[in-house]
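Numbering (the working numbering), first residue to last: 1 to 384.
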């Protein structure tokens with residue numbers, strides 16, 4: 001029972017089916033509680049449905065309370081190499097543990113002690129952060145910010161320098177004729193909205209020189225406030241490319257042909273892979289077709305129909321690998337059982353790769369012969 005419950009909260013890109021269903025139920029409960037907290041601020045929105053919404057919120061809170069209790073229990077019982085209290089404290093004080101706490105405990109305390117309406121709204125919105133556990137967005141954002149911390153701090157310093165300098169300059173130009181620029185702090189509001197290209201228009205220069213300087217500041221703002229955005233965008237691109245490469249590297253390393261390759265050689269193979277997305281029911285290969293590539297299954301399910309019957313492949317599996325060695329006819333028909341994402345390795349590109357490593361080709365040939373022999377049909381015996 002413990003292992004089954006532990007399987008509900010398994011993380012990673014390829015969770016068991018029950019974990020996927022559990023995630024969907026938790027997501028629905030979080031969205032329900034957050035949406036209801038936001039809509040409760042609209043006076044009289046529920047009308048005669050108020051009692052029903054409270055029952056629905058109660059059901060969502062029960063599920064969220066079960067999830068928090070389960071994670072606390074697993075943190076307590078799953079500590080093998082450290083004291084249980086330390087493991088429990090580590091989970092409770094982690095960002096995800098805090099999000100889990102805020103999503104349910106304040107509500108439960110409020111139901112018993114009478115939580116003010118504003119408090120229910122605040123904690124209902126904060127509970128939305130619990131979804132961060134099932135989305136890599138916030139984690140990726142944190143990694144990008146830490147990796148690009150110094151460039152971001154440099155951009156922030158430049159922006160602060162521009163705000164102070166431009167507001168001081170407009171103060172000296174406009175202070176005698178424009179009360180909106182009566183002090184440097186007052187002029188900073190104009191500088192911020194102008195550099196941010198918002199231009200509210202509530203504070204504007206009145207003199208000719210002030211308008212000329214203001215136009216230059218507005219043009220400068222187009223460049224300066226785009227600087228941190230470009231830093232984050234390039235950081236996101238690099239991080240997503242790195243994560244994609246790591247997952248692709250592990251898929252390639254699982255193939256028996258490549259188990260003896262060095263890390264640098266596996267990286268070269270991974271760079272040859274191409275992404276392909278298949279819709280449900282799409283035939284990827286037919287029995288008798290000439291094999292020219294192999295496939296790695298990233299997500300979804302693949303059905304392989306051969307003479308021995310049907311086999312269902314799951315994420316992390318691969319097929320068509322014999323085509324890398326010899327372009328022989330396919331021995332099975334393969335179709336997508338669900339929407340799938342695959343990585344394709346073309347045989348011609350692979351042979352270009354191994355041409356630089358003659359000793360590697362012989363090693364792969366040995367592996368291929370053993371796999372072909374294992375799948376070869378039994379030879380009929382001579383009976384007299």
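Glycine is no exception: its CB is placed at the ideal position from the N, C-alpha and C atoms.
- Counting only unbroken stretches of 4 or more residues, the alpha helix (DSSP H) elements lying wholly within the segment 277-357 are 347-354, in sequence order.
- DSSP places residue 177 outside both helix and strand once states are collapsed to three, so it counts as coil.
- With contacts defined as CB atoms closer than 8 Å, residue 163 and residue 191 qualify as a contacting pair.
- It is roughly 41 Å from the alpha-carbon of residue 274 to the alpha-carbon of residue 33.
- The C-alpha of residue 99 lies about 5 Å from the C-alpha of residue 130.
- Taking a 10 Å sphere around the C-beta of residue 145, we find fewer than 16 other C-beta atoms and assign the residue as exposed.
- Residue 203 sits in coil when the DSSP states are folded into three classes, being neither helix nor strand.
- Beyond the five residues adjoining it in sequence on each side, residue 127 comes within less than 7 Å, by CB distance, of 30, 33, 34, 102, 103 in the same chain, given in chain order.
- Under the criterion of beta carbons closer than 8 Å, residue 270 and residue 298 do not qualify as touching, at roughly 12 Å.
- Within the same chain, and ignoring the five residues on either side of residue 46 in sequence, the residues whose Cβ sits closer than 6 Å to its Cβ are 53.
- Nearest to residue 238 by alpha-carbon distance, out of 143, 38, 83, is 143.
- Here the alpha carbons of residue 241 and residue 147 stand approximately 14 Å from one another.
- The shortest C-alpha to C-alpha distance from residue 301 to any of 320, 310, 336 is the one to 336.
- By the neighbour-count definition (other C-beta atoms within 10 Å, threshold 16), residue 285 is a buried residue.
- For the 8 Å CB-CB criterion, residue 208 and residue 174 do not form a contact.
- DSSP places residue 105 within a helical segment (H, G or I) once states are collapsed to three.
- Here the alpha carbons of residue 331 and residue 7 stand approximately 36 Å from one another.
- For residue 340 and residue 24, the gap between their C-alpha atoms comes out near 19 Å.
- For residue 6, DSSP assigns no beta-bridge partner whatsoever.
- Short of 8 Å from the beta carbon of residue 152, and not among the five residues preceding or following it, lie these beta carbons of its own chain, in chain order: 145, 228, 231, 232.
- Residue 275 has 343 as its beta-bridge partners, per DSSP.
- From the listed residues 83, 124, 72, the smallest Cα separation to residue 41 is found for 124.
- Its Cα nearest to that of residue 314, the residue 334 stands out among 87, 334, 329.
- Its chain contains 203 as the residues whose beta carbon lies nearer than 6 Å to that of residue 180, once the 5 sequence neighbours on both sides are disregarded; these appear in chain order.
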